[in-house]
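Here the protein sequences line up with chains A and B, keeping their order.
Following our numbering, the numbering of the first sequence begins with 1 at its first residue and continues without gaps.
Following our numbering, the numbering of the second sequence begins with 1001 at its first residue and continues without gaps.
Where a beta carbon is used, it is the ideal one built from N, C-alpha and C, also for glycine.
To keep things clear, I will list the structure first and then write my remarks on it.
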Amino acid sequence: MVDNFLELVRAGIAGEAPRTELFSGLGPQEWRLLYEMSRKQTVTGICYSAISRLPDAAMPPIDLLMRWVASTERIEKASRRGAEATRSLLELFGERGLHPVVQKGLAVARFYPEPSLREQGDIDLWFDSGDFTRVEEVITALGGKPERHADGAISFVFNGYEVECHSTLIGLRTPATRHALRDEIAARGRHHTADGLPVPAPEMEMLLYTVHIMKHAFGVGIGIRQFCDYVLAARHLKGKYNAEQFATSLRRYGLARWTATLNRFATEYMGADPADLPDAGYLKDAAAGAARLLRIVEEGGNFGQFAAATPSGGNSFIHKIHTFSTFLRRSRFSLSIAPREAFWMAASLLRGSLRN
Amino acid sequence: MRTKDNLKLRGVGSRFMIVDAADDAAHTNVFTLNNSAAYLWQSVAGRDFSEEDMARLLTERYDVDEATAFADVRAMLAIWRENGLIR
């Protein structure tokens, strides 16, 4: 059923009808499985968008279709509320002299054919170093309770949303890379969308999605939604940044093989056009890595939440141990793909686990 | 009378559905509409309307006499009212 599911995702993000022959003969059990897969991967609305373009004879049974429609409606409502919360936050921070950039969330949703169908989790905001020193004070002034995290982020709850305030735009761990990246981010500045949303510069935004997937794929796991983000960002940002300079950056940051693996996944499983994707010049075959990524996606779903070993409950120490042990389990993969980053990620995880 | 705000008519294949979504699945209702009900909904959504407006829409679009149109409209509006789709 994985092929059927991936076809729904591919068609959903392309705004197209899926291939009918993959769905005409499906029975109720198989459709239920597809529905559960879409929920586990947090792409329920995207898959619905594809299904709604199928001929009647190829559609799910009516009871499941109604459930799917209902879920999609709730996703749309939640996305609209998330967008309002994000914009309110930007305004409130702005009134107090802070000007964060939106990471992922509303920023990446703009690339989707129907932005409100992209499920939103937390709100992530990046503050440059000058602004970040005042974040805690401003959160308190807004009536929030700031909470510091091991990675330096500060979070609080705003209008029912978990907001994470970051001092790092892109989560690379190698110290020399972090220094080089800081300079590059400062040089590239920030951009604004046509409707005034502050987003990273195009090459930084591409790097953000690339690294975000890698970080989680090496750790607790990642779902298909973030690959959708990557494919759509690449499609829409193509031509908006210097591809050669970006390729040089990817190589400098030790991400050439990772990018090739990610791209192979995107073309093999999501129908991405290779011409849209950033090319870091890695020439060896990345098929095995892409297949490994697919197993990671299938195993755990959205950020690995559905993996058998994922602990339930709020014990942060147990979660940290789980994160580190999952990272160890995937270390052969991560060390073969991006050894420098994998090493420093492990060091950072260990430090974080021991700290609290 | 008016249709309830924020209710969206969705075309799914040849079917039409309206979802009255709460934040949780237990309190979300999904209604399926036939073609003529969907046509009427689309025609009156977002504005004030009367039974007469709806009956006229039916007689203009379909081969149906006024008495039948009124009977159908009253039956349909009773269902919509019972399910909180109009106010």
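Contact check, residue i vs residue j, beta carbons under 8 Å
i        : j        : result
G388(A)  : L117(A)  : Residue coverage of chain A in this structure runs from 1 to 356, which leaves residue 388(A) outside it and unanswerable.
V211(A)  : C165(A)  : no
Y112(A)  : I51(A)   : no
P100(A)  : A109(A)  : no
L294(A)  : F265(A)  : yes
T177(A)  : Y253(A)  : yes
V1030(B) : A70(A)   : yes
A280(A)  : L250(A)  : yes
F218(A)  : S334(A)  : yes
L8(A)    : C47(A)   : yes
E1051(B) : V1019(B) : no
I139(A)  : I154(A)  : yes
Chain-ordered neighbours of residue i on chain A, where CB pairs are closer than 8 Å
i        : result
T1028(B) : A70, E73, R74
G1013(B) : S52, L54, P55, D56, M59
Within chain A, the residues that residue i reaches when beta carbons sit closer than 7 Å
i        : result
A1021(B) : A70, E73, R74, K77
Partners in chain B for residue i, counting only beta-carbon separations shorter than 7 Å
i      : result
L65(A) : V1012
Identity of the residue in the options nearest residue i by Cα
i       : options                                : result
L54(A)  : D1005(B), M1001(B), R1015(B), K1008(B) : R1015(B)
F93(A)  : D63(A), M345(A), L125(A)               : L125(A)
L207(A) : E95(A), V220(A), F218(A), E184(A)      : E184(A)
E119(A) : I170(A), R87(A), A217(A), E76(A)       : E76(A)
V102(A) : R190(A), D63(A), A78(A)                : R190(A)
A287(A) : G171(A), G160(A), T267(A), V69(A)      : T267(A)
P175(A) : L349(A), W344(A), M1(A), N4(A)         : W344(A)
P339(A) : A307(A), A275(A), A256(A), P278(A)     : A256(A)
M1(A)   : I154(A), N263(A), R32(A)               : R32(A)
L65(A)  : G1011(B), V1044(B), D1048(B)           : G1011(B)
D276(A) : I296(A), A243(A), E299(A)              : A243(A)
R225(A) : E298(A), P198(A), T248(A), H179(A)     : E298(A)
Interface flag, residue i vs chain A, CB-CB below 8 Å
i        : result
M1054(B) : no
M1076(B) : no
M1017(B) : yes
Inter-residue spacing [alpha-carbon to alpha-carbon] between residue i and residue j
i        : j        : result
E137(A)  : S24(A)   : 57 Å
G352(A)  : T193(A)  : 35 Å
G1046(B) : H1027(B) : 23 Å
A1069(B) : S1036(B) : 11 Å
F127(A)  : S348(A)  : 21 Å
A342(A)  : E73(A)   : 40 Å
V163(A)  : G82(A)   : 11 Å
S38(A)   : R1056(B) : 43 Å
L142(A)  : G196(A)  : 23 Å
I1086(B) : G301(A)  : 40 Å
Q41(A)   : Y269(A)  : 15 Å
F246(A)  : M204(A)  : 9 Å
V220(A)  : Y241(A)  : 31 Å
Y1062(B) : A1021(B) : 32 Å
Any non-hydrogen atom of the ligand HEM closer than 7 Å to residue i Cβ
i       : result
I337(A) : By its list of ligands, the structure shown contains no ligand whatsoever, and the ligand HEM lies outside what it can speak to.
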